[in-house]
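The structure under discussion appears below in the form of structure tokens.
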Amino acid sequence: MKGMKAAVYANDSLLLSELLGRIEEELPLLEVNIYSSEDFLPAIAAEKPAYEAKNIKNLGDEEIAIVLGDPGIHAEEIRKLDASLIDCTGIFSGYDDLYEVKEPVEYITDRFKGDKTKVRGSLMMPAALFGKNAIDDLISQTRNLFSFGRDRSKVFEERIAFNVLLGGDDSSNIMSGYKKRLEEVTGMSLNFRIIPVSTVFLADFFMENGTEFTGDEDGIFYEYASFNLEEAMEQGGIGVIKHPSGNMVSFTGDYIKVLTEQIIRYLKELTGE
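In the working numbering, the protein residues as written are 3 to 275.
See the structure below:
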């Protein structure tokens, strides 16, 4: 692996920070260069000054490219790279050497067998779904409730602190796009809520006869034994909670760490670690 380089494109520092921490700990010989577009570069550079983030227009000759956020008009520049591509966005299908990172709920639903239209899901998702600015909203709103202050929200029009936001099909609702895409991809009927936590999600699935959850061979799923969600914040995988009835199964995990775990596994495969 010595001498290998990875280009990381990011437009938000939340997933980027978790990923860089894992790389520094587990892949210290991998050289990492951070790129962003003009709109996001100042914020990324300020968050990670040690990495000297560069404009996406100045992509180098890295052997691995990791795309954490939608690069917009710069997607074609990334497609032209002669590199293995680890994609968190889902917009690079057809790329020759592609490694797809699945959104955590999609990763779970891929492991159901049978008629998925007969599976109903209830999702309780964290603020992290909408990036660092959403977590900033959660923190500032919580603080303001106790200090009687008022800060302008960056993401949520409605209060998320000590509240639950109900996702619907209203096109003006911030959550509608996520719900619609997941239902199209999974074929399942999903209820969707945003709960006032930073990164941990909880998902319940109800199955009819002929459908089942099969798990995976990669070791990302594990039996969840705790009676609270604290353990989920410390794990990189997805905890599975099976119910005695057999027709319901629940999952919990840290949204950012589940994404990062997939990326790190791909990186270890590509670098031979």
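Ideal Cβ placement from N, Cα and C applies to all residues, glycine included.
Since the model is a prediction, treat every value here as computed from it, not as a measurement.
- Query: Taking DSSP as the reference, what is the three-state secondary structure of threonine 188?
  - Reply: Correct three-state label for threonine 188: helix.
- Message: Using only CA atoms, which one of Thr216, Met127 and Gly123 lies nearest to valine 199?
- Response: Met127
- Task: Leaving aside the five residues before and after valine 202 along the sequence, list all residues of the same chain whose C-beta is less than 8 Å from its C-beta, in chain order.
- Result: Pro128, Leu231, Ala234, Met235, Thr254, Gly255, Asp256 and Tyr257
- What are the uninterrupted segments assigned as alpha helix (DSSP H) that are 4 or more residues long and contained completely in the stretch 230–275, given in chain order? 232–236 and 257–273
- Task: With a threshold of 16 other CB atoms inside 10 Å of the CB of threonine 188, please say whether the residue is buried or exposed.
- Result: buried
- Grouping DSSP H, G and I as helix and E and B as strand, with all else coil, what is glutamate 33? strand
- lysine 181 versus isoleucine 137: straight-line alpha-carbon distance, rounded: 20 Å
- Message: Looking at isoleucine 288: is its Cβ nearer than 8 Å to the Cβ of isoleucine 110?
- Response: Absent from the model: residue 288. The displayed extent of the chain is 3 to 275, so no value can be given.
- Identity of the residues DSSP links to glutamate 225 by a beta bridge: Val242
- Query: I think phenylalanine 164 touches leucine 184, with their Cβ atoms under 8 Å apart; what is that distance to the nearest whole Å?
  - Reply: At roughly 26 Å, the Cβ-Cβ gap does not stay under 8 Å, so phenylalanine 164 and leucine 184 are not in contact.
- Which residues in the same chain have their Cβ closer than 8 Å to the Cβ of leucine 18, if we skip the five residues on either side of it in sequence? Only Val10, Ala12, Ile36, Ile46, Glu49, Lys50 and Leu70 meet the Cβ criterion.
- Task: Take leucine 100 as the anchor and find which of Glu27, Arg122 and Cys90 has the nearest alpha-carbon.
- Result: Cys90
- Since glutamate 102 is in the alpha helix (DSSP H), which residue starts that stretch and which ends it? That residue, glutamate 102, is in no alpha helix (DSSP H); its beta strand (DSSP E) goes 100–102.
- Message: Taking the alpha-carbon of tyrosine 53 as reference, which of Asn60, Glu33 and Lys134 has the nearest alpha-carbon?
- Response: For the options Asn60, Glu33 and Lys134, the alpha carbon positioned closest to that of tyrosine 53 is the one of Glu33.
- Message: So for lysine 50, helix, strand or coil by DSSP?
- Response: coil
- Message: In this structure, how does DSSP classify valine 107 when only helix, strand and coil are distinguished?
- Response: Here valine 107 sits in helix by DSSP.
- From glutamate 20 to phenylalanine 207, what does the alpha carbon distance come to, in whole angstroms? 28 Å
- Query: Quick one, are the C-beta atoms of leucine 261 and valine 103 less than 8 Å apart?
  - Reply: yes
- Query: Using the rule of at least 16 other Cβ atoms within 10 Å of the residue's Cβ for burial, across every protein chain shown, is serine 247 buried or exposed?
  - Reply: Classification for serine 247: exposed.
- Task: Buried or exposed for aspartate 84, please, with buried defined as at least 16 other CB atoms from any protein chain shown within 10 angstroms of its CB.
- Result: exposed
- Sequence-distant residues of the same chain with beta carbon closer than 8 Å to valine 242, five excluded per side: Phe215, Gly217, Phe223, Tyr224, Glu225, Tyr226, Val251, Ser252 and Phe253
- Message: Does leucine 83 come out as helix, strand or coil in the three-state DSSP assignment?
- Response: coil
- C-alpha gap between arginine 122 and leucine 192, whole angstroms: 6 Å
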